[in-house]
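Peer 1: If you want the numbering used here, it's the 1-based position in the sequence shown plus 720.
Please read through the structure below; I'll follow up with questions.
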Amino acid sequence: MNQTSLSALIWSVADLLRGDYKQSEYGRVILPFTVLRRLDCVLEPTKKAVLAECEAKTKAGLNPDPFLLRKAKQSFYNTSPLDLPTLLGDQDHIRQNLYSYIQGFSPAARDIFERFDFHAQVERLAKADLLYLVTEKFANFPLHPDEVSNAQMGLVFEELIRKFAELSNETAGEHFTPREVIRLMVNLIFIEDDEALGAGHAVRTIYDPTAGTGGMLSVAAEHLLQHNSDARLTLFGQELNDESYAICKADMLIRGQDVSNIVAGNTLSDDGHAGRKFDYMLSNPPFGVEWKKVEKAIRSEHEQKGFDGRFGPGLPRVSDGSMLFLLHLVSKMRPAVDGGSRFGIVLNGSPLFTGGAGSGESEIRRYVLENDLVEAIIGLPTDMFYNTGIATYVWIISNKKPDDRKGYVQLIDAGSFWQKMRKSLGSKRKEMSDEHIATVTRLFGEFAEAELATVFAADGKETGRQVIAAAEFAPEPPAGGKVKVAPLARVFRNEDFGYTTITVERPLRDEQGQIVLGQKGKQKGLPQADSSLRDTENVSLGEDIQAYFEREVLPHAPDAWIDEAKSKVGYEIPFNRHFYVFEPPRELHEIDEELKAVSGRIMAMLGELAE
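Shown next, in the form of structure tokens:
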């Protein structure tokens, strides 16, 4: 059974809840029961052995916990003789027996149900005489790992959460990231280390500060195991939303991960992994979400700790905290002398250019660029995420760049690499195929400039695409057709994104048109600036400021001067500008001919109607 069929089967429980629960409340019952059934199935093969071991070790006066974990062959266990199917044998006492069963779980697993506030739902179901019926439904769902892999189970949870989010008008995108985006990001952060990761007993750590349901961590773990079954990837994360945290923790339990590495809480105000560094990191922080609730804690860390804390370079405006997660991840990078780190983070367009020189956003860009941390930025297609159709970008940040990448940033425009989905999911209407992901991964790995040649037939329909090196010739167009060539991957020096904002002043004049001079202090005898004529100019870092001023300003304002005290260095990454291709308007005679042809067809149709 695929995940779509399975999620539909689980979703059928909603038929029982209708009337007693609002649609937006279905998830409060279905999600924890789905987790419970999954844990139930995972422990089934070792159930008898665990119970026998528990009895033996308890009689011997020993702490049974380490022995039970070994017998369960999992990182959790349950000491209750009950499970969901046996609960059905005593309908009159199902409420008490269900509580007893939950209490039988090891502490880490019990915490999952506390996060779901499962007790409140059990009481509500019992009061509505629905508890037995719901338990009966879930007891028959085939969620054993032999039938449903961890990867499939993750997709099932994502599908269920998306449905519940739509019903309650929440943003599903806060909970998870499309799997193809995660696969692309995982490819990009691992590709340069393929040789090291593909041999021997590689041991690495990976961290997601906005873990959601654990999708990014799971895909990364699966990817590495496919390349090297002996490799071990230890997963770390933090998540604010209790339901997402509970699902993530359940997934980590089943994977045999140390669930103490998954922390609940707000990453920005309360770092659950303070002082820890990681080999790899992935994150899809919420777009355009204000950080006013945690402003006090963040400003305090910025002001008191400076660069010894996480937010030394600067703070973005309160209306969008996504760049705070970028800084947080930078602070978690393992020092280059210890092997370094690489991470991928999904951001919307504003972190590329929002804020002028001296602003928090510009200072953050300045920090990562001047410290040579930005390896690449990949523009994704629009309509890729469940809760927004806006343009998004994957930033790859590394402090272990290969020698040929040092001092450079690669930009890749993958905005045209998509295929239409058979069925839209919220705002998500497009997806990247395996071929698209492979092409972007190859472009990144080759670290070369490239172009995309799109071939059109005579009727204007696209007939094919070809990725070509920047210096290659485009393919020949078909008869009557044409070939459009657009930049696909470009390489820039770090300083290409920097500029100096200079303040251009012009003199204040009195009513007779005479320049007003200062009367005292340092300004005595100097022309006074007219604030109404003040202007600013951005000069590229590689250009001589005085030469620019003499060429661009003085011919138009001979009395102007630069107030050097106000000069500021800024950085922005005008991504779209670097991939813009000018298309000249069509020739007038072409348009005229087309209009004549259309007019002719209209007249012919009118003539047929007249007959």
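Using N, Cα and C, we set each Cβ at its ideal position, and we do this for glycine too.
Looking at the unbroken alpha helix (DSSP H) that takes in Glu1328, where does it start and where does it end?
Peer 2: Looking at the DSSP string, the run of the alpha helix (DSSP H) that includes Glu1328 is 1308 to 1330.
Peer 1: Identify which residue in Asp1264, Ala1209, Glu912, Val1205 has its Cα closest to the Cα of Phe1193.
Peer 2: Phe1193 has its Cα closest to that of Val1205, out of Asp1264, Ala1209, Glu912, Val1205.
Peer 1: How many angstroms separate the CA atom of Pro1101 from the CA atom of Met1325?
Peer 2: Answer to the nearest angstrom: the Cα atoms are 41 Å apart.
Peer 1: Quick one: any contact between the region 963 to 982 and the region 753 to 770, if contact means 3 or more CB pairs under 8 Å?
Peer 2: Cβ pair count under 8 Å is three or more, so yes.
Peer 1: Helix, strand or coil: how does DSSP classify Ser1003 here?
Peer 2: Strand at Ser1003.
Peer 1: So is Gln823 buried or exposed if we call it buried at 16+ other beta carbons inside 10 Å?
Peer 2: Exposed is the call here.
Peer 1: Do Ser820 and Gln977 have their C-beta atoms within less than 8 Å of each other?
Peer 2: Going by C-beta atoms, Ser820 is not nearer than 8 Å to Gln977.
Peer 1: What residue range does the alpha helix (DSSP H) around Ser1260 cover?
Peer 2: Run containing Ser1260: none in the alpha helix (DSSP H); it sits in the beta strand (DSSP E), 1255 to 1260.
Peer 1: Does the region 1023 to 1042 come close enough to the region 1070 to 1090 that 3 or more CB-CB pairs lie under 8 Å?
Peer 2: Touching, per the Cβ criterion.
Peer 1: Can you check DSSP and say which residues form a bridge with Phe1063?
Peer 2: Phe1063 pairs with Met1001, Ile1117.
Peer 1: Put Gly1218 into one of helix, strand or coil per three-state DSSP.
Peer 2: Of the three classes helix, strand and coil, the one that applies to Gly1218 here is strand, per DSSP.
Peer 1: Considering Phe956, what are the terminal residues of the beta strand (DSSP E) in which it resides?
Peer 2: Phe956 -> beta strand (DSSP E) spans 952 to 959.
Peer 1: Contact defined as beta carbons within less than 8 Å: I believe Leu1145 pairs with Tyr1106. What is the distance between those atoms, to the nearest angstrom?
Peer 2: The Cβ separation is near 6 Å, so the contact holds.
Peer 1: What residue does the beta strand (DSSP E) around Asp1133 start on, and which one ends it?
Peer 2: 1128 to 1133 is the span of the beta strand (DSSP E), which, as asked, contains Asp1133.
Peer 1: Answer with buried or exposed for Glu1272, where buried requires no fewer than 16 other C-beta atoms within 10 angstroms of its C-beta.
Peer 2: With fewer than 16 Cβ atoms within 10 Å of its Cβ, Glu1272 is classed as exposed.
Peer 1: At what residues does the alpha helix (DSSP H) containing Asp1154 begin and finish?
Peer 2: 1154 to 1166 is the extent of the alpha helix (DSSP H) around Asp1154.
Peer 1: Go ahead and label Arg1321 buried or exposed: buried means 16 or more other beta carbons lie within 10 angstroms of its beta carbon, across all protein chains shown.
Peer 2: Answer is exposed; the Cβ neighbour count stays below 16.
Peer 1: Which of the three DSSP states, helix, strand or coil, is assigned to Ile814?
Peer 2: Ile814 falls in the helix class under three-state DSSP.
Peer 1: Give the DSSP bridge partners of Trp1281, in chain order.
Peer 2: Trp1281 pairs with Glu1225.
Peer 1: Exposed or buried, what is Asn722 when buried is set at 16 or more other beta-carbons lying within 10 Å of its beta-carbon?
Peer 2: Result: exposed.
Peer 1: Would you identify the three-state DSSP class for Lys768, choosing helix, strand or coil?
Peer 2: In the structure shown, Lys768 sits in a helix (DSSP, three-state: H, G or I).
Peer 1: Of the residues Phe1027, Phe1045, Arg1030, Arg1019, which one's Cα is nearest the Cα of Ser1003?
Peer 2: That would be Phe1045, whose Cα lies nearest to the Cα of Ser1003.
Peer 1: Under 8 Å between C-beta atoms, does Met1141 make it to chain D?
Peer 2: Among the protein chains of the structure shown there is no chain D, as only one such chain exists.
Peer 1: Beta-carbon separation of Leu988 and Gly1069 under 8 Å?
Peer 2: No, Cβ-Cβ distance for Leu988 and Gly1069 is not below 8 Å.
Peer 1: Does the count of Cβ pairs from the region 938 to 948 and the region 832 to 849 closer than 8 Å reach three?
Peer 2: No: fewer than three Cβ pairs fall under 8 Å.
Peer 1: Which same chain residues end up closer than 6 Å to Ala1168 when comparing Cβ atoms and leaving out the 5 residues on each side of it in sequence?
Peer 2: If we look at Ala1168 and ignore the five residues flanking it on each side, it has no Cβ neighbours.
Peer 1: So, is Glu1292 buried or exposed, given that buried needs 16 or more other C-beta atoms within 10 angstroms?
Peer 2: By the 10 Å Cβ count, Glu1292 comes out buried.
Peer 1: Can the beta-carbon of Phe1299 be found closer than 8 Å to that of Asp1133?
Peer 2: Going by C-beta atoms, Phe1299 is nearer than 8 Å to Asp1133.
Peer 1: Look at the alpha carbon of Ile1311 and the alpha carbon of Ser1319, and state the distance between them as a whole number of angstroms.
Peer 2: Spanning the two alpha carbons is a distance of roughly 12 Å.
Peer 1: Smallest Cα separation from Leu1067: which of Thr933, Ala1173, Trp1115?
Peer 2: Minimum Cα distance to Leu1067 is reached at Trp1115.
Peer 1: Quick check: the region 1051 to 1062 against the region 992 to 1000, are at least 3 beta-carbon pairs closer than 8 Å?
Peer 2: Taking 8 Å as the limit for Cβ pairs, the verdict is that the region 1051 to 1062 does touch the region 992 to 1000.
Peer 1: Would you say the region 775 to 794 touches the region 740 to 754, given that touching needs at least three Cβ pairs under 8 Å?
Peer 2: Cβ pair count under 8 Å is below three, so no.
Peer 1: Counting only runs that start and end within the region 827 to 907, where is the alpha helix (DSSP H) found for 4 or more residues in a row?
Peer 2: Segments of the alpha helix (DSSP H) lying fully in the region 827 to 907: 827 to 835, 838 to 847, 851 to 859, 870 to 887.
Peer 1: Are there 16 or more other CB atoms within 10 angstroms of the CB of Val749, so buried, or fewer, so exposed?
Peer 2: Val749 should be labelled buried.
Peer 1: For Leu887 versus Met1152, is the C-beta distance shorter than 8 Å?
Peer 2: No, these two residues do not count as a Cβ contact at 8 Å.
Peer 1: Should Leu1253 and Leu1246 be called a contact, given that it needs their Cβ atoms to be closer than 8 Å?
Peer 2: Contact flag unset, no.
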